[in-house]
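**Student:**
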Amino acid sequence: MRTELVSAPGDPTRPNEDFASVGLPASGLGGALVILDGVTPPKDATGCLHSVPWFTARLGGALTELTVSRRDVTLPEILSQAILRTAESHSATCDLSHPRTPQATVVVARWSPETVEYLVLSDSALLLESPTGSVTPALDDRISRLPRSALATDALVDSTVRNKEGGFFTAAADPSVAGRAVTGALPRSEVRTLVALTDGATRWVEKFREGGWADCFTFVRKEGARALVERVRELERGDAEERAYLGRSKTHDDATVVYVEL
Numbered sequence: 000m001r002t003e004l005v006s007a008p009g010d011p012t013r014p015n016e017d018f019a020s021v022g023l024p025a026s027g028l029g030g031a032l033v034i035l036d037g038v039t040p041p042k043d044a045t046g047c048l049h050s051v052p053w054f055t056a057r058l059g060g061a062l063t064e065l066t067v068s069r070r071d072v073t074l075p076e077i078l079s080q081a082i083l084r085t086a087e088s089h090s091a092t093c094d095l096s097h098p099r100t101p102q103a104t105v106v107v108a109r110w111s112p113e114t115v116e117y118l119v120l121s122d123s124a125l126l127l128e129s130p131t132g133s134v135t136p137a138l139d140d141r142i143s144r145l146p147r148s149a150l151a152t153d154a155l156v157d158s159t160v161r162n163k164e165g166g167f168f169t170a171a172a173d174p175s176v177a178g179r180a181v182t183g184a185l186p187r188s189e190v191r192t193l194v195a196l197t198d199g200a201t202r203w204v205e206k207f208r209e210g211g212w213a214d215c216f217t218f219v220r221k222e223g224a225r226a227l228v229e230r231v232r233e234l235e236r237g238d239a240e241e242r243a244y245l246g247r248s249k250t251h252d253d254a255t256v257v258y259v260e261l
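Be aware that the sequence shown starts at 0, since it is given in numbering that gives the first Met the number 0, and climbs by one per residue.
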């Protein structure tokens, strides 16, 4: 097995809000990857004393431990348990009902000698390559299907579509959101390589239209994960005027890429 993991902050003066890990069980059979993209909060109150990196570190750590150690538990159940564990760690000090309580997008993949399982929640992405070279994206595209008018302001998003029916879902403090994730499983023999990306890296496809998902996968395989992030940064610098994309106005975003050859 070969892995490559790169995570770069969008702003070097601010902490990276992404999380990434690759874990191998002590048995040596199989493994798991986890990536989270912490949702940058607005400038006003979030009801929480803690930062987004604090939250992603705890949720990501719980997901990593559970995916490796509890192979008898499904990925949605693992996400539910990880959200609950994280929520309990700050429920006494923070208002977890606030719509901007710390939250994150989620990608989890777990493989054994027999199976590759995956879970995607919100707008990070997982690419699965077959032994024949075909690439299948596993996506939760609910945000992209919303009208731009629904994403016009933070207040509108929070009141009408964030973690609401007809909108989109992220991992925050409600364990039941795990049931909203996109999930699947394939025979291990049908998956050769995995690439997981937060939306700071998927800009290569979704914002700058450098190619499709298969092209993105090929770029990472040939040039490396760091080269993809560097190319996105180059494109962002060339896009001199900050433009809102999916409700965001950041010139640069935290970008994470995990590449795993099974």
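C-beta: ideal position from N, C-alpha, C; glycine also.
A quick note: this is a predicted structure, and the numbers were derived from the prediction, not measured.
With three or more C-beta pairs closer than 8 angstroms as the rule, is the region 15 to 33 touching the region 51 to 68?
**Tutor:** yes
**Student:** Ordered along the chain, which non-local residues of its own chain (more than five positions away) have a Cβ less than 6 angstroms from that of Asp-10?
**Tutor:** none
**Student:** Assign Phe-218 to one of three DSSP states: helix, strand, or coil.
**Tutor:** helix
**Student:** Can you tell me which of the three DSSP states Leu-23 falls into?
**Tutor:** coil
**Student:** So what's Ile-34 in DSSP terms, helix, strand or just coil?
**Tutor:** strand
**Student:** Apply the 10 Å Cβ neighbour rule to Thr-159 and answer buried if 16 or more other Cβ atoms are within range, or exposed otherwise.
**Tutor:** exposed
**Student:** Let me know the alpha helix (DSSP H) ranges lying completely inside the region 89 to 135, each 4 residues or longer, listed in chain order.
**Tutor:** none
**Student:** In three-state DSSP terms, what is Val-256?
**Tutor:** strand
**Student:** For Val-219, count neighbouring C-beta atoms within 10 Å of its own C-beta (all shown protein chains included) and say buried if the count is 16 or more, exposed if not.
**Tutor:** buried
**Student:** Give me, in chain order, the residues of the same chain whose beta-carbon lies closer than 6 angstroms to that of Val-67; leave out the 5 immediate sequence neighbours on both sides.
**Tutor:** Within the same chain, Cβ atoms closer than 6 angstroms to the Cβ of Val-67 are found at Gly-22, Pro-24 and Ala-31, the five residues on either side in sequence being excluded.
**Student:** Between which residues of its own chain and Leu-234 is the CB-CB distance below 6 angstroms, once the five residues before and five after are set aside?
**Tutor:** Phe-207
**Student:** Between Ala-200, Glu-189 and Gly-210, which has its C-alpha nearest Leu-4's C-alpha?
**Tutor:** Ala-200
**Student:** Can you find a C-beta in chain C that's less than 8 angstroms from the C-beta of Ala-56?
**Tutor:** The structure shown contains no chain C, having only a single protein chain.
**Student:** Does the region 166 to 176 touch the region 94 to 104, meaning 3 or more C-beta pairs lie closer than 8 angstroms?
**Tutor:** Under the 8 angstroms Cβ criterion, the region 94 to 104 counts as touching the region 166 to 176, having at least three qualifying pairs.
**Student:** Does the Cβ-Cβ distance between Asp-139 and Ala-180 come in under 8 angstroms?
**Tutor:** yes
**Student:** What residue does the beta strand (DSSP E) around Gly-183 start on, and which one ends it?
**Tutor:** 181 to 186
**Student:** Can you look up Glu-209 in the DSSP assignment and give me helix, strand or coil?
**Tutor:** coil
**Student:** Should the region 252 to 259 be called in touch with the region 188 to 205, which here means at least 3 C-beta pairs below 8 angstroms?
**Tutor:** Contact between the region 252 to 259 and the region 188 to 205 is present: three or more C-beta pairs spanning the two stretches fall below 8 angstroms.
**Student:** From Arg-187 to Asp-198, what does the alpha carbon distance come to, in whole angstroms?
**Tutor:** 26 angstroms
**Student:** For Leu-120 and Val-106, what's the separation of their Cα atoms in angstroms?
**Tutor:** 7 angstroms
**Student:** Going by CA-CA distance only, name the one from Ser-143, Leu-126, Arg-141 and Ile-142 that's closest to Thr-135.
**Tutor:** Leu-126
**Student:** Cα-Cα, which of Ser-26, Leu-48, Phe-54 and Gly-46 is closest to Val-38?
**Tutor:** Phe-54
**Student:** Using the rule of at least 16 other Cβ atoms within 10 Å of the residue's Cβ for burial, across every protein chain shown, is Arg-294 buried or exposed?
**Tutor:** Since the displayed the chain opens at 0 and closes at 261, residue 294 lies outside it and no answer follows.
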